[in-house]
Amino acid sequence: MPLIELKGIERVFHLGDSTVHALAGLDLAIEPGEYVAVMGPSGSGKSTLLNLLGLLDRPNAGTYHLEERDVTTLTPNEQARVRSERIGFVFQSFHLVPRLTAAENIALPMILSGLPASERKSRVEQALANFGLENRAGHRPDQLSGGQRQRVAIARATIMQPAMLLADEPTGNLDRHTGEEVMALLESLNQNGVTLIVVTHDQVLGARARRQLAMEDGHLKHDSSLPPSPFPLPGQ
Amino acid sequence: MKFVDTLHFARHAATGYPLRTALSILAMAIGVASVVVLTALGDGARRYVVDQFSSLGSNLVIVLPGRSGTGGFNPANAITSTPRDLTIGDAAAIQRGSAVRRTTPVTVGTSEISFGGRLREVMIAGTTAEYVLIRNFDIAQGRFLPDDDWNRGAPIAVIGAKVREELFGATPAVGQLVRLGDRRVRVIGVLKASGSGMGMNTDELVLVPVALAQAIFNTNTLFRILVEARNRESIPAAKAQALDIVKQRHNGEEDVTVITQDAILATFDRLLGALTLAVGGIAAISLAVAGILVMNVMLVAVAQRTGEIGLLKALGAPAHTIRNAFLCEAAMLSATGAIIGYFLGVLGAALIRYAYPVFPAYPPSWAVVAGLGTALATGLLFGVMPARRAASLDPVEALMKH
Ligand SMILES: Nc1ncnc2c1ncn2[C@@H]1O[C@H](COP(=O)(O)OP(=O)(O)OP(=O)(O)O)[C@@H](O)[C@H]1O
Ligand SMILES: [Mg+2]
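These protein sequences, in sequence, are chains A and B.
Position one of the first sequence corresponds to residue 479 (our numbering), numbered consecutively onward.
Position one of the second sequence corresponds to residue 655 (our numbering), numbered consecutively onward.
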């Protein structure tokens, strides 16, 4: 039973007179607990795919089943609920709220979903401890290093115990060493059962995943979990 | 999202941008403060006038010569060309009315008064001993006009405080002979200084027996007759009786006008009440302006925090949660501004009362309620648009702006 099942996904953008097929004829299945790296040149549709998986965007055609439920037909409020309960996002630019402390940023998803304050407090304390941020609880984002910021963002993404983590170039704003630490952190979360989908430009980091997806012009050019295509595309 | 958390989040957001928050709070505060101060001024004027009228004397009914136009067509008026004059006899006759406690005739004119080479123009009121009782005057020195036969014009006078000062300076006035027109009269009393008074300033007045005044002005008519009713309830009866008695004496012609102080008061009350309302309305326009400012500030906030809104959506906030958070922030700005403005306004009114102690500049409670209500309503109303804009942002595009 796949966690994610995409069939015939199309995503078309209209820019003036020209149309861009950001995703075209995409079929994809991801099992629970997988670790998937999405790679490909700039503009190949990686972010578009991730936004779609995260229910931030809707396809123009095709179906998306999440945990065997067709989520493309859900109302915006129902989709918001799915995001809140099943999906965690990690962004390249961290996206922390600048006026809130590390602890408050981590608590944000629980506040939005209406969890009681006592529950929030204990979960935030646990998360701060798990991510080595005990001494940074009261610091605002501008008082944190890049690696610490991304750790806060990952703590926030996992605080609701989602089924999957979607990370769009999570190491893009970090130096090599810090980036590897962050990847190791995400991988340890994956080992504990969270499905991890990471978009990356970095071949080395991408190679660490158990499954690699290569995108090109909105198509899935290569999927390491499938046997090599009998009709390889030119240049492969 | 829980309501307390929404409040908390909105407060955090507002204090996160102190300058724009302070500006919109200030605008709202100025709006509410101006409503409070301006209505305090308007209502103060109303109270001032009402107080001044009340100090004219209580339960007062005034008889004026001539028919006022409000009585409709009267065949008697159509026949007679000129109304009869009011006379001392009329005044004495009204005294017989059962609802009448006391009455006094008044005749008024100007003349010269001189003493020891000093000379000035004064207003002379010819009246009787009852006048001082009806008008609640206080005597500073000497005594008032004696209770005498109204038709006997004894050569005596009671003078106002300012007249005394100008004519006599430091020397005692009571007992002195002064020249009034072509008469020589003896000063028997001096009125206490009153400072102000509607209609006539008693400080510059000279009071003489009514018959003497009529002789000086060479007339036998009266300016008016003041009637004091027995009590507040008998004012209408006193009014009817006065009219009735004069009508009988004037061969059945209703050629006088009887007004009550209550009626004048009510007119002024209405007039100045309307003025206060108008002034308050004008001040409320500044509240609308403040509302528009709050809207712009919130639109800027939405633009500034687009990335944050995208994040909230990614974290699973439904549209209404985001809308409520921004609406709450707008309401907070307006409410804080309104409360600060209220206290500023109350302080302003207190300063006015401090600077002009005679002026009762208290903001009327309806204006305070309306001002605060309008502030909150405009803040919310103008907050709706930015909040909806925030809620309807596309999450992917919003996340790209950081
Ligand atoms: N909102 C949009 N409007 C118009 N075109 C868009 C929009 N978003 C994406 N595109 C187009 O869709 C295509 C795929 O974009 P996408 O952001 O998914 O690429 P990407 O693989 O993430 O690239 P990068 O590695 O640079 O992040 C691009 O050609 C892009 O120009
Ligand atoms: Mg991208």
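C-beta: ideal position from N, C-alpha, C; glycine also.
Item	Value
Grouping DSSP H, G and I as helix and E and B as strand, with all else coil, what is Val-575 (chain A)?	coil
Cβ atoms of Val-568 (chain A) and Leu-643 (chain A): under 8 Å apart, would you say?	yes
Name, please, each residue of chain A whose Cβ falls closer than 8 Å to the Cβ of Leu-1050 (chain B).	Note on identity: in this sequence residue 1050 (chain B) is Val, with Leu being the wrong assignment. Under the 8 Å cutoff, chain A gives Asn-529, Leu-534 and Asp-535.
Is Ser-571 (chain A) a contact residue of ligand 2, with contact defined as CB to any heavy atom under 7 Å?	no
Given a threshold of 16 other Cβ atoms within 10 Å of its Cβ, counted over all protein chains shown, does Met-852 (chain B) qualify as buried or as exposed?	Residue placement at Met-852 (chain B) is flagged as unreliable, the pLDDT there being 48, under the threshold of 50; the coordinate-derived value follows with that caveat. By the 10 Å Cβ count, Met-852 (chain B) comes out exposed.
Counting only beta-carbon atoms, is Ala-685 (chain A) nearer than 8 Å to chain B?	no
Quick check: does the Cβ of Asp-653 (chain A) come within less than 7 Å of any heavy atom belonging to ligand 2?	no
Might you give, ordered along the chain, the residues of its own chain that have their beta carbon closer than 6 Å to the beta carbon of Leu-1035 (chain B), omitting 5 neighbours on each side?	none
By a C-beta neighbour count over all protein chains shown, 10 Å radius and 16 as the cutoff for buried, is Gln-902 (chain B) buried or exposed?	exposed
Beta-carbon within less than 7 Å of Thr-724 (chain B)'s beta-carbon, same chain only, minus the 5 sequence neighbours each way: which residues are those?	Reliability of the predicted coordinates at Thr-724 (chain B) is poor, the pLDDT of 49 falling under 50, and no value is obtained from them.
On the three-state DSSP scale, how would you describe Arg-489 (chain A)?	strand
Between Val-516 (chain A) and Leu-504 (chain A), how many whole angstroms is the CB-CB distance? I'm expecting something under 8 Å.	Not a contact, Cβ separation roughly 11 Å.
Taking 7 Å as the cut-off, is the C-beta of Gly-532 (chain A) nearer than that to any heavy atom in ligand 1?	no
Just to check, is the beta-carbon of Lys-524 (chain A) closer than 7 Å to a non-hydrogen atom of ligand 1?	yes
What runs of the alpha helix (DSSP H), each 4 residues or longer, lie entirely inside the stretch 534-620 of chain A?	554-564, 580-590 and 595-608
Assess contact between the stretch 872-890 of chain B and the stretch 754-764 of chain B, defined as three or more Cβ pairs (one per stretch) separated by less than 8 Å. Is contact present?	yes
Would you check whether ligand 1 has a heavy atom nearer than 7 Å to the C-beta of Glu-1051 (chain B)?	yes
Counting only C-beta atoms, is Met-1055 (chain B) closer than 8 Å to chain A at any point?	Checking the sequence shown, residue 1055 (chain B) turns out to be Lys, not Met. No, Lys-1055 (chain B) does not count as interfacial toward chain A.
Taking the beta carbon of Val-682 (chain A) as the centre, do at least 16 other beta carbons fall within 10 Å, making it buried, or is it exposed?	exposed
Do the stretch 670-678 of chain B and the stretch 969-979 of chain B make contact, defined as three or more Cβ pairs closer than 8 Å?	no
DSSP three-state label for Ser-496 (chain A), please.	strand
For Ala-615 (chain A), which residues in the same chain have their Cβ closer than 7 Å to its Cβ, ignoring the five residues on either side in sequence?	Thr-579, Ala-580, Ala-581 and Leu-606
Strictly below 7 Å CB to CB, what residues from chain B border Leu-590 (chain A)?	Met-655, Leu-966, Leu-969, Gly-970, Ala-971 and Thr-975
Which residue or residues does DSSP assign as beta-bridge partners of Gln-795 (chain B)?	B:Val-844
Measure from the C-beta of Gly-1037 (chain B) to each C-beta in chain A and report whether the shortest distance is under 8 Å.	no
Taking the Cβ atom as the reference point for each residue, do Ile-994 (chain B) and Val-900 (chain B) lie within a distance shorter than 8 Å?	no
Is Asp-659 (chain B) a contact residue of ligand 2, with contact defined as CB to any heavy atom under 7 Å?	no
What residues in its chain sit with their C-beta under 7 Å from that of Glu-483 (chain A), if we drop five residues either side in the sequence?	Ala-507 and His-543
Which residues of chain A have a Cβ atom closer than 7 Å to the Cβ of Gly-1033 (chain B), listed in chain order?	Here the premise fails: no neighbours, minimum Cβ distance about 22 Å.
Any C-beta of chain A within less than 8 Å: which residues of the stretch 977-992 of chain B qualify?	none
Considering only C-alpha positions, which residue in the set B:Phe-663, B:Ala-683, B:Ile-842 and B:Arg-665 is nearest to Leu-941 (chain B)?	B:Ala-683
Does the beta carbon of Asp-646 (chain A) fall short of 7 Å from some heavy atom of ligand 2?	yes
Can you tell me whether Lys-599 (chain A) is buried or exposed, with buried defined as 16 or more other CB within 10 angstroms of its CB?	exposed
Between the stretch 810-829 of chain B and the stretch 786-799 of chain B, can you find at least three pairs of beta-carbon atoms closer than 8 Å?	yes
Can you tell me which of A:Glu-647, A:Met-661, A:Arg-627 and A:Glu-556 puts its alpha carbon nearest to the alpha carbon of Gly-518 (chain A)?	A:Glu-647
Buried or exposed for Ala-1021 (chain B), going by 16 or more other Cβ atoms inside 10 Å?	buried
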